[in-house]
Amino acid sequence: MQSDFSYSQPQWLQKIFTALNLRPEEGHRTLLLFTFYTFMSMGIMWLEVSSAALFLDKYGAKTLPLIYLFTALVGVSLGSVYSWLQRLLPLRQVIVLIALLMTLPIGLFRIGLGVEVWAAPTIFALRLWMEAITNLNELNLSVLANQLFNIREIKRTFPLISSGNLVADILSGFTLFALLTVLDVNNVVYLVLGIMLVATGVLFYISKTYEHAFPDSKRRTVELSNANFSARRLRKLIRRYVLLLLSFFVIAQMLLYLVEYQYFLQLEAQEFSIDAMAKFLGIFTGVLGLMELLTQLFTSSRLIERLGLFMTAGLLPALMAIFSCLCLVVSLPAVGGATGLFIGLILLKFIDEWLRYTIVASSRPVLFQPVPAQPRAKIQSLVGVAESIAIGIVGIGILLVMALANHISWMQGSSIFLFITLGLSLLWLGSIFLLRSQYLNLLVLTAERGLLSFSDASLRVLKQAIIEALDKPGPEADKRSLIELLTQIEPRSISEVLAPMLSELSPNLQQQSLETMLVYPDPTFTGYVDALIYPSQEPSILALALRYVWLTQQDGDVNQLKPYLKPSIDPAVRGTAASMMLRHGNPAERARATYLLQQMLTHQEELERVMGCRALGEAEYMQGLRLHVPNLLQDDSLRVRRSMLEAISATRLEEHYPSLLKALSYKSTREAAMKALSELGNDALPMLVKLANDPYKSETLRHQAWNVIGRIGTLQALNLLSSNLMTAWGGPRRWILRILLKLLDEQGLRRSTDIDSALDQLGRPGVETLLDQELQFIGQLYSCLEDCSEEKASGETCEWLRRALQDMKADAMQRILLLLRFLYPSSVIQAAELNLDGSAASRARGLEILDNTLNIPAKRAILTLFDRSNSNNETTLAALHPLVTYQPLEPQERLRQLMELRHFLSDWALACCFHVARTERWPLSGDHVMASLRHPVSFVREAALSYLDMASPSSLPRLLQLMEKDSDPLVADQVQKMLEKHVATQ
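The sequence shown begins at 1 in full-length UniProt numbering and counts up one residue at a time.
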């Protein structure tokens, strides 16, 4: 997406963005969409008020049920037309045509109002059209928002955009009151047509300005299968939830139109003139809109946060039930009669619209969140159809009540409608109660399957489900998985769940549970663990239990540990007891524990030394035992060396931190070193970043350093990854991208928002900048491939260079796909990537997925780049023209320009540049050559020396003397041979 604003914005504008929770790059799109929605909604509001006044004067409120019936038919038909147009035309054209379809018939209606013969049917059609296009306008807005914004942006921008409807309520209500002083109701239709045409013009501007946000092709159905939803239990639960969801929205829609009918029925009974009624409706709409806007801006989100989603959603049906009862009471002749009923229904209508379009509207998107992403759009469409059908049901119901009302009085008929309103309100409350239980169940089940983050589910319900599963008989492997699941989602409170059931678990599960609980020991549950300490207990469990108990108490009797210090006791228990005595004992007891651990560390048996090292890690400090660390790091036993690395980390032995970094170089100790460095947390970050950015270290070592930073996973570590992503290139950038994406996928399990905070600093503009960098680099590669083609530069070394350029292009394209996963759902980009590597038909599907997913300015360039049918370099360069301007150059000039990008080239490509220059005898800049002589990769230095031997043999001896002691034996040998050659020629 284009950056809507430059980064150098005035301070006051930045403060406004902060107050509105907007990013600078979202401002322009949000403003345009807000403007479109406000203008279109104002036109519809004017049309609603005008058509209501005309309709009630001509037909009366008793004809409204027919409107509801026809509205259902027209609404479903227009929805079908919307889908049909998407199959014929690109989406950016469809949205403008729909806006014109909503607007242009209004001109015909005005003509019909002026012809006496056609006035009556035109009024009926006008009211019907207003009802139908209201839902169509909402659908158009929803499609627009989903194309212009990604999921994270919609959460920030859509509440502001949707408030355009509330602003329209205020403006249209008060302006209509003023306009009707100089115009009659019929002529207001001209204003409706005018402002809706303005809104259509804004929409046309949006479709042109953000053309890249819409797919060029007509709509295709791209189905991504998801095996996670094949389970019968999940399908059954989703089906049940969807039925309750349908009932929620159907009842809500029925109540909306039932209250509206009663409201208009009471307005008709007051016998207002057409202009007086229009003025009353305008004032009512304006006051209501002002109240809704204030509520939406300052109350809705806070109310949902404090009361909860379902408690807040239940406010409207509860108040409607209460006010329906009040209307029934005040309608009694002894209380208020017709006047009391009129006032009561005005209040009922006000409360319904006030809360419906603020609190309930804010809750609506959240109700769809438990539904898996794949069927979610289909279910939302189904709800829309059900709402249209609900309008027709209301119409039929009103007609039936009216037929019954012919045999009873008018007041009795009004009472029947109020009783129905009361009953539906109570049914709505009941559906919310049932929906709440299924909402939690579905969230928990989808969370277990990794479909939603655990932060979205009720932790209490999830814990209860795990406890019940652990209590029931079942395979040990399943219970082990449940403990691992609980460890991932809530490690700090895991003792609360596992401690009470320790005595009932198998020994293997007891050991797993204790190891998990020891990460965050809790004194509250020490008693449960203490029950596992008895002489016949297995040594591994006994050692863990001793450690837990003594880590959670400060004033324990150290004498209780002394029986475990005997030589006959298992080394695991003995070492643990010694380490705990080092923590809690007096000087004499600490000396004894130190001596015992010294005996274990120097013991001939491997197990003794391993357990001694582990005991060191459990101690608070090493005292005199640190003297044994160098020898233990060189121990013949791999297990001892690994245990010593963990002990260094646990005791923060800073003088031996270099040993942890060194251990990363060896495959045998790499995992232990990574674990030890991860446990150091932020303390390890400075040395890890230094190692990761040191070009003279091996790629394997640098890669592992970045991996450890990702494992640390603190906010500081993630910020380091994000900041280095902007400056890294080639392999390091790819490593960091994969690490961040892995953390992003795991954030739900970790219940952490740190990764979101780190990525927010990078932001969408940052990701788009990285994409532009990659595309600009690819543009330079294609320029070189075009100017150094086989026809223009033949030879083996030139072919080497072309292959190296192709390899770098493939790497850059892979990084582009990784970057796109930060902007769009990972599963979608992965599906596209998988298809792009297949057959021609499969590649076409992959491109179709990207075409319908991407909404960034570089979309055309990316699609052209991944379209293998565009094998012509000129076609690709034309697509990349907005980012890279290609100007043909001679091969030697293009090679020199490519050398200007030497920091971005791969090591082999840089070496190939020197080989080509040497064989073709092309001159290169001295700065490039001298810089490459200091290159960390030996074959690049070797290639630079070979080029110098050809290009400047006179200056070579002095340089060779400086490189005689090169760190690489091959380069040193080459230097020696060149020196001998120079001496021989003199």
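C-beta atoms are modelled at their ideal positions from N, C-alpha and C, and glycine is treated no differently.
According to DSSP, is Asp968 part of a helix, a strand, or is it coil? Reading the sequence shown from its first residue, position 968 is the one you call residue 968. If DSSP states are grouped into helix, strand and coil, Asp968 belongs with coil.
Taking three-plus beta-carbon pairs below 8 Å as touching, is the stretch 89 to 101 in contact with the stretch 194 to 212? A contact exists between the stretch 89 to 101 and the stretch 194 to 212.
Classify Thr157 as buried or exposed, calling it buried when 16 or more other Cβ atoms lie within 10 Å of its own Cβ. The sequence position of residue 157 within the sequence shown is 157, counting from 1. With 16 or more Cβ atoms within 10 Å of its Cβ, Thr157 is classed as buried.
Go through the stretch 588 to 657 residue by residue and report every complete run of the alpha helix (DSSP H) that reaches 4 residues or more, in order. The alpha helix (DSSP H) runs lying completely inside the stretch 588 to 657 and spanning 4 residues or more are 606 to 618, 629 to 633, 638 to 650, given in chain order.
Contact check, Leu166 vs Leu319, beta carbons under 7 Å: Position 166 of the sequence shown, counted from the start, is the residue given in the question as residue 166. Position 319 of the sequence shown, counted from the start, is the residue given in the question as residue 319. No, the pair does not count as a contact, with Cβ atoms beyond the cut-off.
Below 8 Å, can you find three or more Cβ-Cβ pairs linking the stretch 894 to 914 to the stretch 782 to 797? yes
Roughly how many angstroms separate the alpha carbons of Met130 and Arg110, rounded to a whole number? Within the sequence shown, the letter at position 130 stands for residue 130. Within the sequence shown, the letter at position 110 stands for residue 110. Rounded to the nearest whole angstrom, the CA to CA distance from Met130 to Arg110 is 13 Å.
Rounded straight-line distance, which links the Cα of His935 to that of Ala944: The sequence position of residue 944 within the sequence shown is 944, counting from 1. The sequence position of residue 935 within the sequence shown is 935, counting from 1. Near 9 Å, if we compare the C-alpha coordinates of His935 and Ala944.
Check this for me: beta carbons of Thr103 and Gly112, under 7 Å apart or not? By 1-based counting over the sequence shown, the position of residue 103 is 103. By 1-based counting over the sequence shown, the position of residue 112 is 112. Not in contact: Thr103 and Gly112 (Cβ atoms no closer than 7 Å).
Contact between the stretch 816 to 824 and the stretch 848 to 868 (3+ Cβ pairs under 8 Å): yes
Report all residues from its chain with a CB closer than 8 Å to the CB of Leu502; omit the five preceding and five following residues, and keep chain order. As a working note, residue 502 is residue 502 in the sequence shown. Here the set comprises Gln510, Ser513, Leu514, Tyr528, Val529, Ala531, Leu532.
Skipping 5 residues on each side, what residues in its chain have a beta carbon closer than 6 Å to that of Ser946? Locating residue 946 in the sequence shown gives position 946, counting from the first residue. So the list reads Arg918, once near-sequence residues are dropped.
Can you tell me whether Phe433 is buried or exposed? The criterion is at least 16 other CB atoms within 10 Å of its CB, across all chains shown. Position 433 of the sequence shown, counted from the start, is the residue given in the question as residue 433. Exposed, because fewer than 16 other Cβ atoms sit within 10 Å of the Cβ of Phe433.
Presumed contact (8 Å Cβ cut-off) between Leu348 and Cys327, rounded CB distance: The residue given as residue 348 occupies position 348 in the sequence shown. The residue given as residue 327 occupies position 327 in the sequence shown. Rounded to whole angstroms, the Cβ separation of Leu348 and Cys327 is 6 Å, and the two are in contact under 8 Å.
Mind reading off the beta-carbon distance from Arg609 to Asp635? Whole number of angstroms is fine, and I expect it under 8 Å. Numbered from its first residue, the sequence shown carries residue 609 at position 609. Numbered from its first residue, the sequence shown carries residue 635 at position 635. Arg609 to Asp635, Cβ: 7 Å. Contact.
When the Cα atoms are used, what is the spatial distance from Val971 to Lys965? The sequence position of residue 971 within the sequence shown is 971, counting from 1. The sequence position of residue 965 within the sequence shown is 965, counting from 1. Between Val971 and Lys965, the C-alpha separation is close to 9 Å.
Three-way DSSP call (helix, strand, coil) for Phe777 in this model: Taking the sequence shown and counting its residues from 1, one reaches residue 777 at position 777. If DSSP states are grouped into helix, strand and coil, Phe777 belongs with the helices.
Could you tell me if Val929 is buried or exposed, where buried requires 16 or more neighbouring beta carbons within 10 angstroms of its beta carbon? Your numbering for residue 929 matches position 929 in the sequence shown. Flag for Val929 reads buried.
To the nearest angstrom, report how far apart Pro825 and Leu741 are at their CA atoms. Your numbering for residue 825 matches position 825 in the sequence shown. Your numbering for residue 741 matches position 741 in the sequence shown. Distance between the alpha carbons of Pro825 and Leu741 is about 11 Å.
With 16 as the cutoff for other CB atoms within 10 Å, does Phe284 come out buried or exposed? By one-based count along the sequence shown, residue 284 stands at place 284. Flag for Phe284 reads buried.
Starting from Glu874, trace the alpha helix (DSSP H) in both directions and tell me its first and last residue. The count along the sequence shown starts at 1 and reaches residue 874 at position 874. First-last of the alpha helix (DSSP H) with Glu874: 873 to 879.
Please go through the stretch 655 to 711 and give each complete alpha helix (DSSP H) segment of 4 or more residues, from N-terminal end onward. 657 to 663, 667 to 680, 685 to 692
At 4 residues or longer, and completely inside the stretch 770 to 828: list those alpha helix (DSSP H) runs for me, N to C. 796 to 820
Option in Arg711, Gln147, Leu910, Thr797 with minimal Cα separation from Ser932: As a working mapping, residue 932 is identified with position 932 in the sequence shown. A check of alpha carbon separations from Ser932 across Arg711, Gln147, Leu910, Thr797 identifies Leu910 as the nearest.
Do you know whose CA, among Leu144, Val689, Trp46, lies nearest Arg29's CA? Mapped onto the sequence shown, residue 29 falls at position 29. Closest by alpha carbon: Leu144.
Going by the CB atoms, is the gap between Gly612 and Gly585 shorter than 7 Å? Locating residue 585 in the sequence shown gives position 585, where the first residue counts as 1. Locating residue 612 in the sequence shown gives position 612, where the first residue counts as 1. It is not a contact, given that the beta carbons lie outside the stated cut-off.
Spatially closest choice to Glu606 from Gly624, Arg641, Ser579, by CA coordinates: The sequence position of residue 606 within the sequence shown is 606, counting from 1. Of Gly624, Arg641, Ser579, the residue nearest in Cα terms is Arg641.
Can you check whether the CB of Gly392 is closer than 7 Å to the CB of Ala72? As a position in the sequence shown, residue 72 is number 72, starting the count at 1. As a position in the sequence shown, residue 392 is number 392, starting the count at 1. It is a contact, given that the beta carbons lie within the stated cut-off.
Check Ile736 in the structure and name its three-state DSSP category. Indexing the sequence shown from 1 puts residue 736 at position 736. Taken through DSSP and simplified to helix, strand or coil, Ile736 comes out as helix.
With distances taken from CA atoms, which of Ala812, Ser247, Leu847, Val182 is nearest Val383? On the sequence shown, position 383 is the one that residue 383 refers to. Considering only alpha carbons, the answer is Ser247.
Please state if the CB of Gly286 and the CB of Ile416 are separated by a distance shorter than 7 Å. The residue labelled residue 416 in the question sits at position 416 within the sequence shown. The residue labelled residue 286 in the question sits at position 286 within the sequence shown. No, these two residues do not count as a Cβ contact at 7 Å.
Note down the Cα distance separating Ala361 from Gly314, rounded to an integer number of angstroms. Position 361 of the sequence shown, counting from 1, holds the residue named residue 361. Position 314 of the sequence shown, counting from 1, holds the residue named residue 314. Distance between the alpha carbons of Ala361 and Gly314: 13 Å.
How many whole angstroms separate the CB atoms of Glu321 and Leu422, which I take to be in contact at a CB cut-off of 8 Å? Taking the first residue of the sequence shown as 1, we reach residue 321 at position 321. Taking the first residue of the sequence shown as 1, we reach residue 422 at position 422. Inspection of the sequence shows that residue 321 is occupied by Ala rather than by Glu. The Cβ separation is near 6 Å, so the contact holds.
Three or more C-beta pairs below 8 Å linking the stretch 877 to 896 and the stretch 802 to 819: Here the stretch 877 to 896 does not lie against the stretch 802 to 819, with fewer than 3 beta-carbon pairs under 8 Å apart.
Three-pair Cβ contact test at 8 Å for the stretch 45 to 59 versus the stretch 249 to 263: Taking one beta carbon from each stretch, the stretch 45 to 59 and the stretch 249 to 263 have fewer than 3 pairs nearer than 8 Å; the two do not touch.
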